[in-house]
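What follows is a short report on a single structure.
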Amino acid sequence: MSDVEETLERIKTKPGVIGYVICNAEGTVLRRFPTMTPEQAESYLVAMRRLAAKAGGVVRDMNPRDNLEYLRIRCKKQEVVVARDEEFLVIVIQRWTPAEQA
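With numbering that gives the first Met the number 0, letter number 67 in the sequence shown gets 66, and the count goes up by one each step, no holes.
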């Protein structure tokens, strides 16, 4: 099993993970979570690719020598983590519940 396959297997078995999408720089979905439909994967890809590009522009505006590598978005019921580099975009979707308040 390759390093990529091992990593995907680890991500799939993490508690709370409900999806992932991996795409190349051209925006082609290379891998997706087994229970995700192609339409769901494409929807996440389009939205997160656009958001990551805009956030990356903001980071470069603040410091031209810096790049956006990770983006984390927390909503009411889920959290989306986006990791990007020049070749790939990795999107992981997980359930999120707030911690119990003491």
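Heads up, the beta-carbon is just placed ideally off N, CA and C, and yes, glycines get one too.
In the structure shown, residue 78 adopts extended strand secondary structure according to DSSP, grouped into three states. At the C-beta level, residue 73 and residue 95 come within 8 Å of one another. Boundaries of the alpha helix (DSSP H) harbouring residue 49: 37 to 61, taken from the DSSP string. Counted as a single uninterrupted DSSP element, the beta strand (DSSP E) harbouring residue 73 occupies residues 69 to 73.
Closest in alpha carbon position to residue 98, among 76, 92 and 89, is 76.
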